[in-house]
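The structure appears right after this line, and notes come after that.
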Amino acid sequence: MIRRVSTAFDLISTALAVPAGLAGSYLGLLSVLASSPKPRPGDTSLRFTFVVPAHNESLSIAHTVHSLAGVDYPCDQMRILVVADNCTDDTADVARGAGADVLVRTNQAQRGKGYALALAFAQLLDPGPDAALPDAVVGVDAVVVVDADTVVSSNILQAFAAALRDGEQVLQATYRVANHDATWRTSLMAVAFTCIHDVRSIGRERLGLSTGLRGNGMCFSMEALRLVPHHAASLVEDVEHGLDLANAGIRVAFVHEATVEAEMPERAEESASQRDRWERGRSKLKRERLPGLVRKAVAQRDPVLADLAVDLAIAPLARLSMFLGVGLLTSAIGRVWIGRWPRALWPTLAGLLGLVGHVGVGWQKSGTGIAGVRALFHVPGYILWKLRLRPNGSSGAEKGLVKSSPDAEEWVRTKRNSELASTQRTDR
0 MIRRVSTAFD LISTALAVPA GLAGSYLGLL SVLASSPKPR PGDTSLRFTF VVPAHNESLS
60 IAHTVHSLAG VDYPCDQMRI LVVADNCTDD TADVARGAGA DVLVRTNQAQ RGKGYALALA
120 FAQLLDPGPD AALPDAVVGV DAVVVVDADT VVSSNILQAF AAALRDGEQV LQATYRVANH
180 DATWRTSLMA VAFTCIHDVR SIGRERLGLS TGLRGNGMCF SMEALRLVPH HAASLVEDVE
240 HGLDLANAGI RVAFVHEATV EAEMPERAEE SASQRDRWER GRSKLKRERL PGLVRKAVAQ
300 RDPVLADLAV DLAIAPLARL SMFLGVGLLT SAIGRVWIGR WPRALWPTLA GLLGLVGHVG
360 VGWQKSGTGI AGVRALFHVP GYILWKLRLR PNGSSGAEKG LVKSSPDAEE WVRTKRNSEL
420 ASTQRTDR
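No gaps in the numbering here: position 104 of the sequence shown is 103 in numbering that gives the first Met the number 0, and each next residue is one more.
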């Protein structure tokens, strides 16, 4: 009887350990491939429009527009279009004052970044006689999407133009945390961002796969927008549209030398809202799209689709760390109980080795230095904090989510650090 129980324990613990072990090993493989690629020679032959979706961003939009206007690119080859989406402040006026063209959108039933992008793209593709767009932003070769609280590298358009010239259709820049040295939380986020947006993307690019879209610093050729119109409006519309592109045979190429930086929340309250929003959206997309994506990848033997399925299935780093930690603890219990190490130990150790290597490369590339090392010591507490975000399936309204229609879930934008600082000064 005891032998049967120990055998069952061995088999069950191993079966549970294998998925996390494979995930960690996959991340380790990408990390091995993550040496920075050689940048392409810059190009200035194409015409671009920056599209900036904005909802009540009057405090940050001018800074972003000035950053875009200051890129190293011919002025007559680029335009800036801010989509003021259901704003109740003076975002549109501030953006115009900073030098941007503005498209005002008002639709209380359909609110959010995905809808704003869909409107801008549709009008850029087919302005028509009644279009609300200025003539200056029409007739471009490609569109670059930048969030309203972002600073871009001066070479971003030259780097994108070079990649488009080489035949790519959809591009993703490196997405980094601007305020990585503000708190341990932002330092930890900077390491995680580098792991996800930089290390993984370089590895996937070297393998000829699709890096996926990251929401900020995305570039679309007009041909790609015609082939795959933007209809994604979920909480993770970037990931959703990246899957739509892959299903149409278009991969997202990674342009490492182009960068965008945005601030991340410094306080737990705002960070909780943001993390919950991202993970709710990703979990929903996983339920809806992962089975079909796996079937199509297998049927077509398509490595790009297979990789996107793996990327969608992999748990966030904090959760994956927890799974592997539980696997290690279970193996130790098995060692005491059945008198030998269970087979679950080996996939767990492989996954841990890959994950440690992945985080190590991410820390090295993040530029956070000793602050990043100190932030990593907060990981156990951060995992426990994340586990408390959604106790008993807490409602979306409690975490910053509202219903814009019976069938849609949208997010309330996370408060910027500058807004919180302004509020604190006012309260004194």
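Glycine residues also receive a C-beta, built at the ideal position from the N, C-alpha and C atoms.
On a predicted model such as this, the values are computed, not experimentally measured, just so you know.
Residue i, DSSP secondary structure in three states
i, result
"Q171", "strand"
"V144", "strand"
"S34", "coil"
"S438", "The chain is shown only over 0 to 427; residue 438 falls outside these bounds and no answer can be derived."
"V176", "strand"
"T193", "helix"
"T13", "helix"
"D301", "coil"
"Q363", "helix"
"E56", "coil"
"P379", "helix"
"Y114", "helix"
"I313", "coil"
"Y25", "helix"
"P290", "helix"
"R342", "coil"
"S272", "helix"
"A296", "helix"
"H229", "coil"
"T43", "coil"
"A181", "coil"
"L307", "helix"
"R213", "coil"
"R279", "helix"
"P126", "coil"
"P73", "coil"
"R387", "coil"
Residues near residue i by beta carbon distance below 8 Å, same chain, minus five either side
i, result
"T258", "V151, S152, I155, A172, T173, Y174, R175, G216"
"R288", "E239, L242, L311"
"R373", "W183, S186"
"N178", "T185, E262, M263, E265, N416"
"T13", "P341, R342, A343, P346"
Residue(s) in a DSSP beta bridge with residue i
i, result
"I337", "Paired residue(s): none; I337 is not in a bridge."
"R104", "D84"
"A252", "L170"
"R78", "T48"
Proximal residues to residue i (C-beta, below 6 Å), its chain only, five neighbours per side dropped
i, result
"W362", "V190, G371"
"K37", "none"
"M188", "V176, M263"
"F49", "L67, I79, V143, V145"
"D301", "none"
"Q76", "R46"
"V293", "A308"
"R205", "L32"
"G359", "none"
"A53", "I60, V81, A83, T90, A147"
"L15", "none"
"G353", "G23, S24, L26, G27"
"L170", "F159, A162, C218, A252, V254"
The alpha helix (DSSP H) enclosing residue i, as first and last residue numbers
i, result
"T429", "Any answer about residue 429 is impossible in this case: the structure gives the chain only from 0 up to 427."
"E262", "Segment: none, E262 is in no alpha helix (DSSP H) and carries neither H nor E."
"F159", "155-164"
"S200", "199-205"
"G241", "236-246"
"V93", "90-97"
Where the beta strand (DSSP E) containing residue i begins and where it ends
i, result
"V151", "149-151"
Contacting residues, own chain, Cβ-Cβ under 7 Å from residue i (five flanking each side not counted)
i, result
"R225", "L124"
"A432", "Not covered by the structure: residue 432. The range shown for the chain is 0 to 427."
"G65", "Note on residue identity: the sequence assigns His, not Gly, to residue 65. If we look at H65 and ignore the five residues flanking it on each side, its Cβ neighbours are A97."
"S57", "D88, D89, T90, V93"
"H229", "L116, A117, F120, H240"
Distance cut-off 7 Å: residue i Cβ against heavy atoms of the ligand FMN
i, result
"M188", "As presented, the structure is devoid of all ligands, the ligand FMN included, so that no description of it is given."
CB contact check: residue i to chain D, cutoff 8 Å
i, result
"T90", "Here there is only one protein chain, and chain D is not present."
| message | Could you check whether the region 367-386 touches the region 177-194, counting it as contact only if at least three pairs of C-beta atoms, one from each stretch, sit closer than 8 Å? | response | yes
| said: Across the region 4-12 and the region 333-346, are there enough close Cβ pairs to call them in contact, namely three or more that are closer than 8 Å? | reply: yes
| query | Within the chosen definition, does the region 319-328 reach the region 11-25 through at least 3 CB pairs nearer than 8 Å? | reply | yes
| message | Three or more C-beta pairs under 8 Å: does that hold for the region 158-166 against the region 50-70? | response | no
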